[in-house]
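Taking it in order: structure first as structure tokens, then the write-up.
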Amino acid sequence: MPGGDLHDPARLSIHSSADDYEPSAAQLGEAANRHSSVGRNHRDLDPETRVVMDRSIRAFNINPRRGVRVIVESGFVEEGDDEGLARFLAATVGLNKKKLGEWLGEPDDRNVEVLFNYARTYAFEGVGFERAFRMYLSRFELPGESQKIDRIMEAFAAAFYDQNPSTFSSADVVHVLAFSAIMLNTDAHNDAVPKSKKMTEEEFINNNRGIDNGESLPAQLLSELYQGIVNNEILTTKERDDEGNLFTDPLKEGWMRKQGGIHKGWSKRWFILSGQPSTLFYFQNENDIDPKGFFPLENVEASRSERDEKQIELRPKMGGFLKSAKYENSGLVTGNHKKCILKCPNSDEAQRWVELLNESSQHHPNGR
946 MPGGDLHDPA RLSIHSSADD YEPSAAQLGE AANRHSSVGR NHRDLDPETR VVMDRSIRAF
1006 NINPRRGVRV IVESGFVEEG DDEGLARFLA ATVGLNKKKL GEWLGEPDDR NVEVLFNYAR
1066 TYAFEGVGFE RAFRMYLSRF ELPGESQKID RIMEAFAAAF YDQNPSTFSS ADVVHVLAFS
1126 AIMLNTDAHN DAVPKSKKMT EEEFINNNRG IDNGESLPAQ LLSELYQGIV NNEILTTKER
1186 DDEGNLFTDP LKEGWMRKQG GIHKGWSKRW FILSGQPSTL FYFQNENDID PKGFFPLENV
1246 EASRSERDEK QIELRPKMGG FLKSAKYENS GLVTGNHKKC ILKCPNSDEA QRWVELLNES
1306 SQHHPNGR
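Just so we're aligned, residue 946 is where the sequence shown starts under the working numbering, counting upward by one.
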């Protein structure tokens, strides 16, 4: 298989085979075997494995249930290996943290099993409660449903107590304290709650009185926990690598119509503007995993059309041909057109697209 990321504009001069884009079962297996440390940053992977990983991440971020199937079918995790899936979800960069939290909190038996295995991937031994709790919640976003939150807190409690059995008398105590801590975090940092109504330290301590089989936890422990949370909100960590794959956390996405290069007909496409690197991808449908094609934005200028205020024209700044590529049955095919015309739903959208496209072009590693 030719080297290079198959969604990477640097490969525009290479005509790849159809198998490059839709990996065969053998290729999937080879790629998974090379991914020896399941869940690494996809940018550290070899090009072939990165393509397979890219598809798996996007599939999960669109629909986690479907994404899990793609992860298994791609060979990264064996069917029924809940522990392996937990390790994959815990370590893979680029998974949407909100979708991850929602999926982990689902009540299905498999989700619960993966959740408890997921919590066990953390190194909590010898770590204090508050620090461990922050570590746990840094990788995903808590769902809004209280039953899902409770399951996620229960998994944390089991993992924390298992690694620190002498800190609290039982996992149930950790579970109650964890749920209480997240309630305090919400109360303390929710602007909708008036300052006069926010929970005081005394109220927090009283709320946790008797949670240890009728006994109370040390007041100093609860006081330090209260002060720590009130003064420093527990947040999901926003990493730069949350942009993990080419289609995660895009600069902009939405429907536009694209004019054909030869026949000049209009096709409705879902566009994603990625900043890693600066590239405009288009898909046939919003939830498709694989793009139909893309435009590298190196030395590209976007402008509003004089004929129609809803239209955008993409042209090379230095003249010549506009770099583009699309996937056909024969593989990756490069374009040789002097411009591309896109049509937005309204003029405001067109203006916003133009601004972001030009800004992205300027930040392209090879932009002028």
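Cβ coordinates follow ideal geometry from the N, Cα and C atoms, glycine included.
Run the CB neighbour count on residue i, radius 10 Å, all protein chains shown included, and call it buried at 16 or more, exposed below.
i       : result
GLN1256 : buried
THR1145 : exposed
LYS1213 : exposed
LYS1140 : exposed
GLY1210 : exposed
ASN1062 : buried
SER1305 : buried
ILE1234 : buried
ALA1102 : buried
ASP1054 : exposed
MET1263 : exposed
GLU1099 : buried
VAL1138 : exposed
ASP999  : buried
ARG995  : buried
GLU1090 : exposed
ASN1056 : buried
LYS1042 : buried
GLY1159 : exposed
ALA1295 : buried
GLN1307 : exposed
VAL1299 : buried
SER1219 : buried
ALA1164 : exposed
GLY1205 : exposed
Give me the DSSP bridge partner(s) of residue i.
i       : result
GLY1238 : TYR1227 and LYS1271
MET1201 : ARG1214
ASP1157 : GLU1160
VAL1278 : LYS1271
State the start and end residues of the unbroken alpha helix (DSSP H) segment that holds residue i.
i       : result
VAL1138 : Neither: VAL1138 is in no alpha helix (DSSP H) and is coded neither H nor E.
ILE1286 : Note, ILE1286: premise wrong, no alpha helix (DSSP H); beta strand (DSSP E) at 1285-1288.
GLU1178 : Where GLU1178 is concerned, there is no enclosing alpha helix (DSSP H), given that its DSSP letter is neither H nor E.
ARG1314 : Coverage of the chain is limited to positions 946 through 1313, which leaves residue 1314 absent and any answer about it impossible.
PHE1266 : First-last for PHE1266: undefined, no H or E at that position.
ASN1151 : 1146-1152
I need the boundaries of the beta strand (DSSP E) containing residue i, first residue and last residue.
i       : result
PHE1216 : 1211-1220
GLY1020 : Where GLY1020 is concerned, there is no enclosing beta strand (DSSP E), given that its DSSP letter is neither H nor E.
GLY1046 : GLY1046 -> not in any beta strand (DSSP E); alpha helix (DSSP H) instead, spanning 1042-1049.
GLU1246 : 1245-1249
ARG1260 : 1256-1261
Which residues in the same chain as residue i place their Cβ atom closer than 6 Å to its Cβ, once the five residues preceding and following it in sequence are excluded?
i       : result
ASP1293 : none
GLU1258 : SER1248, SER1250, LYS1284 and ILE1286
SER1269 : PHE1240 and GLY1280
ALA1077 : PHE1069 and PHE1105
GLY1046 : PHE1085, GLU1086, LEU1087 and PRO1088
ASP1253 : none
ASN1232 : ILE1007
LEU1082 : ILE1179
PRO1009 : LYS1044 and TRP1048
LEU1302 : ALA1247
ASN1109 : none
ASP1157 : SER1114 and VAL1118
Take residue i and list the residues in its own chain whose beta-carbon comes closer than 8 Å to its own, dropping the five residues that flank it on each side.
i       : result
ILE1016 : SER1001, ALA1004, PHE1005, VAL1022, LEU1030 and PHE1033
TYR1171 : LEU1129, GLU1146, PHE1149 and ILE1150
LYS1237 : ARG1214, TYR1227, PHE1228, GLN1229, LYS1271 and TYR1272
ILE1094 : GLY1050, LEU1087, PRO1088, PHE1124 and ILE1127
GLU1024 : VAL1017
MET1080 : TYR1067, PHE1069 and VAL1072
ALA1133 : LYS1143, MET1144, ILE1174, VAL1175 and GLU1178
ARG1297 : LYS1197
GLU1169 : GLU1075
Compare the C-beta of residue i against all C-beta atoms of chain C and say whether one is closer than 7 Å.
i       : result
GLU1047 : The structure shown contains no chain C; it is built from a single protein chain.
Apart from the five residues on each side of it in sequence, which residues of its chain come closer than 7 Å, Cβ to Cβ, to residue i?
i       : result
MET1314 : A query on residue 1314 cannot be resolved here, the shown segment of the chain reaching from 946 to 1313 and no further.
PHE1266 : ASN1281, HIS1282 and LYS1283
SER1161 : ARG1154 and GLY1155
LEU1242 : SER1223, THR1224, LEU1225, LEU1302, SER1305, SER1306 and HIS1309
THR1181 : LYS1042, LEU1082, SER1083, PHE1085 and GLU1086
VAL1119 : ALA1102, PHE1105, TYR1106 and PHE1113
Which ranges would you report for the alpha helix (DSSP H) in the segment 1023-1096 if only whole runs of at least 4 residues count?
-> If you keep only unbroken alpha helix (DSSP H) runs of at least 4 residues inside the segment 1023-1096, you get 1027-1036, 1042-1049, 1054-1064 and 1074-1082.
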